[in-house]
Structures are given as C-alpha cells and as structure tokens.
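In the working numbering, the protein residues as written are 1 to 812.
What follows is a set of notes on a single structure, which appears directly below.
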C-alpha cells in the first residue's frame, strides 16, 4: 500500500508539472469516455433498466404471431380474457392500450395520452399508488359502469398542483365525469419505456374513451398489449410451451379468427419486438462508433505518451541503473495512466450528464407523450468506472513496456539522435492505427450525412410543399356517429371555401406518421392464402380530393359522394398492390376483399402512385384506400393545399374548425414540410451523433499527429542541425519530415479504407439512397483526412527549419 501511495503521489506531481499534456490527455479521454457513457445510459434506459415495479424479472409480454412467427401482433380483448382465465403459467395477466383523451379544465380542453388498462393492472405489477388506490376487479367487468381514473404523478403535479385532496374529486375526460381514485407513485410511467401516460382508466370504459369502438367484444381486433407475471418456478420456455398449447385450443374453437396463430413471450417495455430489434440495431451501431472514438483517444494518448517518454529516457535509465526493476517502472507509468483515466472518467461523467440533458430536451415531432429518463444510475456509474480503468491500462501499458527497457549507455548520455522517427516501430504503428480509426469514423459520419441529404430530397410519394395539416378527434367530445359525420363534412366544406386554399380533404392516417397498421388481402379468382402466410396491405381512409391535395398521381377515378353509401364497395389501390395482386392485368375493375373468398368484394376504381407509408427506408408496400365517410372514424386529419405560404392558412383553418366547436382540441397542426421531420428524425439524430463523433475523430487525429510530430522534431533537433550545417535547405528538411509523416498517414488511410468498407455495412439500416460503399464519400473523406495529416505534419516541419545549426550543436 505504501508503494502504491508513493506511485500515486509521484504520478500526480509529474502530471501537475506538465499541465498542457495533462489537459489534452484528460480532455481527450473525457470526450471518449463521456460519449460511451452517454450512449450506454441510453441503452440502459431503453433495454437494461427494469420497470419500476415489484420483481420485474417475472414479467413477460405476451405476443401473438402470424406467418409462422414472422409477423408479431398484439392481442384482441377476447383472446386476452381467454389467456388470463385459462392459462396455468401466469400468476396474473394484465392488458392495456394507449388512448388519447380530452381533459377539460376550466373550459379549456387539451388532448392528453393515457392507458386503457385492465382492472388487475396495478395489482399484477405490484405498484402501490402514492395516493388512493388502483383499480378494483369489478371496475373492469361491466362496460361503462365505473368511470374512475388514476393520475400519473407528473400529471397530478403539473395539472392539479399536487393537490392532496384530489382523491374522490371528479375530472372531465371526453366530456364525461371520472372520479380520481388514485395517483401513481413518482417514477412510475407505465409498462412501456419512453411513453409517459397522464391517466389510467379501466378497459371497460373503452366506449367512453373511444366512442364507437367495439373491440371489447372482438376477437379479430388486435389492439391490446398483454403482460403477465409468471408463477414461481415456471420458466419462460415452459410458459411459452404451455401457451402454445392453449393457442392451438383457441384456434380449434375459433378457426376464423385464431387459425394459424402462434404465441411468443418477450421482455416488456418496448412495444413490439420489431421496435426493440430496431432499437438494438441502432444502439449497437452507436456503441460501435463510440467504442471506436474511445479507442482512437487511447491510441492518440498512447502515441503521445510514447513520444513524451523520449523526454524521460535519461530519468528512466538512471532509475534502472540504480536498481529499479522493470516491473516497478511499468507499475509507476501505468499508475500515471490510471490517474489520467480517473480524471478523464470524472470529466466524461459530467459530459455524459450534459449530453443526456440535451437529449431529454429534444422535442420529438409527435403529439404522443414520449419521455426518456436518461439518468446516471448505478449501472451507468459502474460502467464508467470500469471503462476508465480499462482505458487507463489500455493506453498506458504499451508505452510503459516500451519505455521501461531503455538502452542504458545512449540514454545516460542523453543521445537523442538515437530516438529518431524510424526507430520506434510501435509509435509508427500507433500513428497508422490512429489514421485508420479516424477514417472509419469519418466515413461513417460522411455516409450518414449524405444519407440525410438524400432523404431530404427523396420523394415520399406526395408533395409536401404548400400544404398544411391539422388533426381533430370528435370522439374526444363524445360525439355520436351522426353528429361526428356532420362535423367532419362541415369542417371540410369550410376549409375548401377559405381564400388561398386550392383543395382540401380528410384522411385517417397521414403518410409517414407513427402508424403500423396492416390488413389482409384476398384477390378474386385466386386461391385463399394459408393463415400462416397472409398477404398484407397498408390501409387508409380518405375523402374525395385527397390525391389531388397530396399531389399523388392517380389513374382511373377518385372517390365521389355516392361512394360514401354503405352498399358501395370501391377502393383505390397503389401500384405495388396492383402488381402484387393482379400481375400482368389491368387492375381497374378487378375485385378483392379483406377476409376470404366468401366475403363481399371491393372493386378497384383507381390506381395511385406508390409512396412511403411508414418510413423512408421501407421497401415498396401495397396500400389500399377506402372512402372515409363510408366507414366512420372519429380521429381524422384535415389536409389542405394552399396557393401561397401554407403557414398563412393555419390560422384560418383553426378558426373555421373551432367555429364549429370551440372546445374541440386540435393537435398536430403543421405544414407537410414540417411533418417530414417525423421520418427524417432518425436520420437527423444519426447524422448529429455520427457527425459529432466524426468531427471529434478528425480533431483527435489532427492533435495526435501534430503532437507526435512535434515530439519527434524536438527529439531530432541535433540531427536537423547537423543536416542544415552540412548544407540541407529548409525545403529538404520539410520534405524529409513531412514525407515520413505522410508515409504513415497513407498507410493508415489504406488500412482504414479496408476496415471502413467492412464496417459501413452496419450502417445499411440507417442509410437512405446511399450505398454503404459510396465512392464519393470514401474518396472525399480520404482526401480530407490526408489534407489534415499533411497540415499536422507541415507545421512541426516548418518549425524545424528555424533551428539554428550552431545552437543545436552547442546544445549537445
């Protein structure tokens, strides 16, 4: 312990005497460790942190499957009840779904998001409300009979001033009085990561929260998430096998709805497995990138330590001559590295906290209540401490081993001429590695930046210019179907009559919104598909004029007023739908349905141009449009194409809709150009992250090469003086030093290109319209890094030409 304290004191004094080097080293490490800590805190929040409930390890989400398990679904209400009542593996099975509601306070109506949850929701989770209670079992048995609600802790504070007398008070949701029976504990935001509901109401109140809904009695509408707590001593594999047997029983009892279905268990917290898989892939790419950043910082510091060791050759040689063992010297040098790593880790933790605050402040382009709790918890602290320890050993061990075996006689003579650039193979290898790692990071950043540019210019299948959209849900005001239909018609008529509005329409799902709906398709005259391989299409509902308003090409005819009658069954399909279901045929006049050959058919009256429906990177998808005013939906979006600036039309559209009902909440009011920020959000975040890391790599590479070359030039002062005394010109000295530095840089560029080509494939899922092997990106980044390396070599070389030969020789 005494020797360790001695090493720490000596190492601290050495670092204190070289503040410039210490600052550069600590900041470099802080950037690398801070980036890793910030990304790990995101991974921890989304994937690792358990739900704040009782024994979270016992909870599993219950998914249905189709297409032999390839397509994952959620549960219908009747299927959920069968699993809840007939399963032998769950101690309890809860269900919930997201739902927007209109919260009325003092004459002001606001659209907020909450959960429709089963009566056992809080009991199964083991969540004890901060005030009041959760739901009772009987409050979820009889539809519409128990209007009770539990508030989130944040909503209680923000909307009700943390009133301790809130229990048993009434609040107004969708125009109906609900009694507050509880307030959730602080920190509990439901059973999905990143989603922050403000209120919970029982599933039995579905018709009051979603007027016109009929899914409580449905086995076909898969719209509930189900989470179960396993019984003691039941493994996930055993539970899944038992549930598969129950699923087969349900398929035999209800073949039309459950035939071909399977079941799958997964961790709770991230909606459906496809989203979890996408998050894992994205997090994996980010973790790989920040590890490269940290590795680059380590290589940079190892190179600087190796070059700096030239200044300590005589000191180390004297200590060896006085009997110090190599192990003792290595321990001393590694201790200095660990001190640097500790300082860098502390600064990195502060940097990660700041980055997390910036991320949490980002307003996602959606009205859904999303929340990322990126706090620094024990796992993140342990990760940072372990990373700092590994980093300290990593960047200091090789220089320590190299420096601890000096050639005694030249070192004691302080023969700096023997420390020439070509004698340090390790230092040369580190320079090559530094350039290679920088190139890999810069190529990744360049690809993502070019992808973002391509995504901005990509045609999404509609024209976002000079168009505006606003959404409203008449169901939030408790409108019945007749009143809701009338309101929607009148709102559309008023919008079309506004000055400056060229056309307007209503749509159920605006393209490229957060929507993952699909419907099965059966084309007339074709054999029915097996229940395990159902053909799917993206459904939507629109009014006449939608295709004109959105700038979507249409062959055939648009919907007309007579198509709104229930006996009318006409549809518009897109080009991919036509190719997939009517190959080699004119689709106009062809028929299809949504269930099978014994169901009523729909006639194709038009073929719309293909577009992007869920994401910009998706493969072409079949899509089908039906008349919106035929099949009633309470939640619609009004889109309008304007003759001038669309922002100027927003106030008029708001005024016309609210003139029909001043209390109706309007939401998602935006231009379609602003709407494009939703699909571009992942690309922008990736570009911001990778661009920042790429810029950091460029700075580290420049600083590292410059620092190494500066140390090398300082160590060759006598050699340069001798050369100049013998007649070497300044240009010869510059050519010598720059040539040696650029030889290593070019070797690093060659190695980096090979690694970048291999690793760029990891970015394929983040790229739009850009190949992972894009030659322009690779060539441009290589040229940029070569120029930076040239500048980093030239500045020390230029300084070397100012050496006075007489002074250099006299110094010796």
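Every residue, glycine too, gets a C-beta built ideally from N, C-alpha and C.
Rounded to whole angstroms, residue 266 and residue 63 show a C-alpha spacing of 8 Å.
Around the beta carbon of residue 140, 16 or more other beta carbons sit within 10 angstroms, so the residue counts as buried. Fewer than three Cβ pairs drawn from the region 677-694 and the region 486-505 lie within less than 8 Å of each other, which leaves the two stretches out of contact. Counting C-beta atoms within 10 angstroms of its own C-beta, residue 381 has fewer than 16 neighbours from the protein chains shown and is therefore classed as exposed. Contact annotation: residue 45 and residue 373 have beta-carbon atoms nearer than 7 Å. Excluding sequence positions up to five before and after residue 445, its CB lies within less than 6 Å of the CB of 690, 691 and 694, all in the same chain and listed in chain order. In the DSSP secondary-structure assignment, residue 22 is not bridged to any residue. Note: residue 192 is bridge-paired with 269 in the DSSP secondary-structure output. Annotation for residue 467: the continuous beta strand (DSSP E) segment containing it runs 467-473. When the five nearest sequence neighbours on each side are left out, the beta carbons in the same chain lying within less than 8 Å of the beta carbon of residue 238 are those of 89, in order along the chain. Nearest Cα to residue 93 within the set 83, 101, 102 and 99: 83. Annotation: residue 227 to residue 58 spans about 10 Å, alpha carbon to alpha carbon.
Boundaries of the beta strand (DSSP E) harbouring residue 670: 666-671, taken from the DSSP string. Put simply, the region 647-661 does not touch the region 547-565. Fewer than three CB pairs are less than 8 Å apart.
When secondary structure is reduced to three states using DSSP, residue 335 falls in the helix class.
In this structure the region 434-452 touches the region 677-690; the number of beta carbon pairs closer than 8 Å is three or more. Distance from the CA of residue 791 to the CA of residue 761, rounded to the nearest whole angstrom, comes to 31 Å. Of the residues 50, 247, 66 and 297, the one whose Cα lies closest to the Cα of residue 188 is 50. Taking each of 37, 585 and 148 in turn and checking the Cα distance to residue 353, the smallest one comes out for 37. By the Cβ neighbour-count rule, residue 118 is buried, with 16 or more other Cβ atoms within 10 Å of its own. The count of Cβ pairs closer than 8 Å, one atom from the region 196-210 and one from the region 113-128, reaches three, so the stretches are in contact.
Remark: C-beta atoms of residue 625 and residue 524 do not approach each other more closely than 7 Å.
The region 764-774 makes no contact with the region 422-437; the number of CB pairs closer than 8 Å stays below 3. Scanning 773, 399 and 254 for the CA closest to the CA of residue 443 turns up 773.
Distances from the alpha-carbon of residue 661 to those of 474, 759 and 569 put 474 closest. Nearest C-alpha to residue 789 among 702, 564 and 208: 702.
Between the region 334-352 and the region 26-37 there are three or more C-beta pairs closer than 8 Å, enough to call the two in contact. If you check the CB distance, residue 180 and residue 166 come in under 7 Å.
Between residue 258 and residue 250, the C-beta spacing is below 7 Å.
In the displayed model, residue 102 falls within a strand according to three-state DSSP. Looking at the DSSP output, residue 182 shares a beta bridge with 132 and 150. Relative to the Cα of residue 389, the nearest Cα in the group 431, 784 and 345 belongs to 345.
Residue burial is scored here from C-beta neighbours: residue 357 has fewer than 16 other C-beta atoms within 10 angstroms and is therefore classed as exposed. When the beta-carbon positions are compared, residue 538 and residue 573 stay at least 7 Å from each other.
Selection 368, 718 and 562 evaluated against residue 629 yields 562 as nearest (Cα-Cα). In this structure, the alpha-carbon of residue 512 lies about 45 Å from that of residue 747.
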